[in-house]
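Participant: First the structure, then my questions, so here it is.
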């Protein structure tokens, strides 16, 4: 380090190692790489007046660019590239699948053996989640806890430096799409239980509004909550249209809330993949919760059975639709935003997802009524107008999300996209929209409903213990 040579020292903090104090005597610059655990570098940074640089892990686009560069660099001519293109695309498809399973982490996705080992580690981490662990994940997702430096969450949770509404902070996200689906599924299963809902709402440092925004759709499993929601719901009519009562206001109280729930596997790479809902397994008063984050248009949905308000039938009937013709789809979208407009791309994506999951989707779609309820947090600006569906595709335009190879294929895909968006727009016009805010009164009712549910669970558990003891006593005497 002598002479006139200048440079930088890069110190990778790991385990119990911290930056050497001798660095203070060096005129070279120093970069310390560390996890967000400030104990490992705070004192050194303070003494050196160091500035923080936040680096997120690679995005999928960055990994794609790296993959393309690596593949292209070994090819000497354009002819070689054309000949190898199919193999390059095939390898990228495999890498993309690995990203969906373990996350966009270069050290784990380019080598098959390393990827297989990491996938097993992730699987064990997910299978090892206990009820106590779940409470910790609730704190991570919905509270102020930003990082746990014990190594147990790093395989399934990643820390992301993000800017939301101009405020920059560290936030926790699932490491991959597949991990996100598994965590959502597990959290929703616990949340649907009254006991766990109560614990979540009472946890110190946990934002109740954030809990309800993420998985507040489960509040529709409480009769008292839905009864109160119905009284506060406001219809968002079409321009010049008349106000219309929700199906929830027309049916008996016992039929307006979801009495059971089911986690539905919409995405690839899940254990539920391939298990579709048909006319026999699809039931009213069951809350269907998608197993993927950011599901388009709604957070969850259930069906309510009641004749249409005008006395007719919702759709065209037919042998397959007799069972459904008095059904209404009730979709729930929980949001903090003062508006929640959508576009034809999102609605078309919703329709594709539903078609993948429901065997008789095409029949069902035209034979039932449709409602969506926007549930807003108490601090939100109230939605007062019908939410519009923006048309993206045009006859002369093209989707910037499509990769096209020739003019003929471009025209064909553009026409197909236009048809999809026109169908989505027509479908959206059939959906009735409603709005309700989770005010203090509703939040109190949710907490009270959860508390009552917890007492019922405790009473049932006590009865079960007594029954087992009696059964055990009888066996002793025999």
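In this note's numbering, the protein residues as written are 6 to 483.
Cβ coordinates follow ideal geometry from the N, Cα and C atoms, glycine included.
1) Along the chain, where does the beta strand (DSSP E) that runs through residue 262 open and close?
2) Spatial neighbours of residue 514 within its chain, please: CB distance less than 7 Å, with the 5 preceding and 5 following residues excluded, ordered by chain position.
3) List the whole-angstrom C-beta distance separating residue 263 from residue 292, where the pair is believed to meet the contact cut-off of C-beta under 8 Å.
4) In whole angstroms, what is the alpha-carbon distance linking residue 332 and residue 65?
5) Run the CB neighbour count on residue 118, radius 10 Å, all protein chains shown included, and call it buried at 16 or more, exposed below.
6) Give me the DSSP bridge partner(s) of residue 292.
7) Give the C-beta separation of residue 163 and residue 180 to the nearest angstrom, bearing in mind that I take them to be a contact with Cβ-Cβ under 8 Å.
8) Hey, could you find the ends of the beta strand (DSSP E) residue 376 is sitting in?
9) Does residue 77 pass the burial test, meaning 16 or more other C-beta atoms within 10 Å, or should it be called exposed?
10) Between residue 165 and the rest of its own chain, which residues show a CB-CB distance below 6 Å, the 5 nearest in sequence each way excluded?
11) Where do the ends of the alpha helix (DSSP H) carrying residue 51 lie?
12) So which of 281, 433, 368 has the shortest CA-CA distance to residue 393?
13) So who's on the other strand from residue 17, going by DSSP bridges?
14) Please determine, among 376, 50, 12, 353, the residue with the shortest C-alpha to C-alpha distance to residue 18.
15) From 67, 33, 57, pick the residue whose C-alpha is nearest to that of residue 39; which is it?
16) Does DSSP put residue 347 in a helix, in a strand, or in coil?
17) Comparing C-alpha positions only, which one of 53, 113, 46, 47 sits nearest to residue 33?
18) So for residue 122, helix, strand or coil by DSSP?
19) Of all the options 397, 59, 396, 378, which has the alpha carbon lying nearest to the alpha carbon of residue 388?
20) Rounding to the nearest angstrom, what Cα-Cα distance links residue 335 and residue 308 in this structure?
21) Straight-line CA distance for residue 228 to residue 258?
Facilitator: Per the coordinate set shown:
1) Boundaries cannot be given for residue 262, as no beta strand (DSSP E) includes it and DSSP labels it neither H nor E.
2) What the structure shows of the chain is the stretch from 6 to 483, and residue 514 is not part of that stretch, so it cannot be assessed.
3) Residue 263 to residue 292, Cβ: 4 Å. Contact.
4) Cα to Cα, the separation comes out at about 41 Å.
5) That one is exposed.
6) The partner list for residue 292 (beta bridge, DSSP) reads 266.
7) With a Cβ gap of about 5 Å, residue 163 and residue 180 count as contacting.
8) Element bounds for residue 376: 374 to 382.
9) By the C-beta density criterion, residue 77 is exposed, having fewer than 16 other C-beta atoms within 10 angstroms.
10) If we look at residue 165 and ignore the five residues flanking it on each side, its Cβ neighbours are 61, 176, 178.
11) Element bounds for residue 51: 47 to 53.
12) Distances from the alpha-carbon of residue 393 to those of 281, 433, 368 put 433 closest.
13) According to DSSP, which records beta bridges pairwise, residue 17 is partnered with 38.
14) Ranking 376, 50, 12, 353 by Cα distance to residue 18 puts 50 first.
15) Nearest C-alpha to residue 39: 57.
16) Note: residue 347 maps to strand in three-state DSSP.
17) Ranking 53, 113, 46, 47 by Cα distance to residue 33 puts 53 first.
18) In the three-state reduction of the DSSP assignment, residue 122 falls in the helix class.
19) Closest by alpha carbon: 378.
20) Distance between the alpha carbons of residue 335 and residue 308: 6 Å.
21) One C-alpha to the other measures close to 7 Å.
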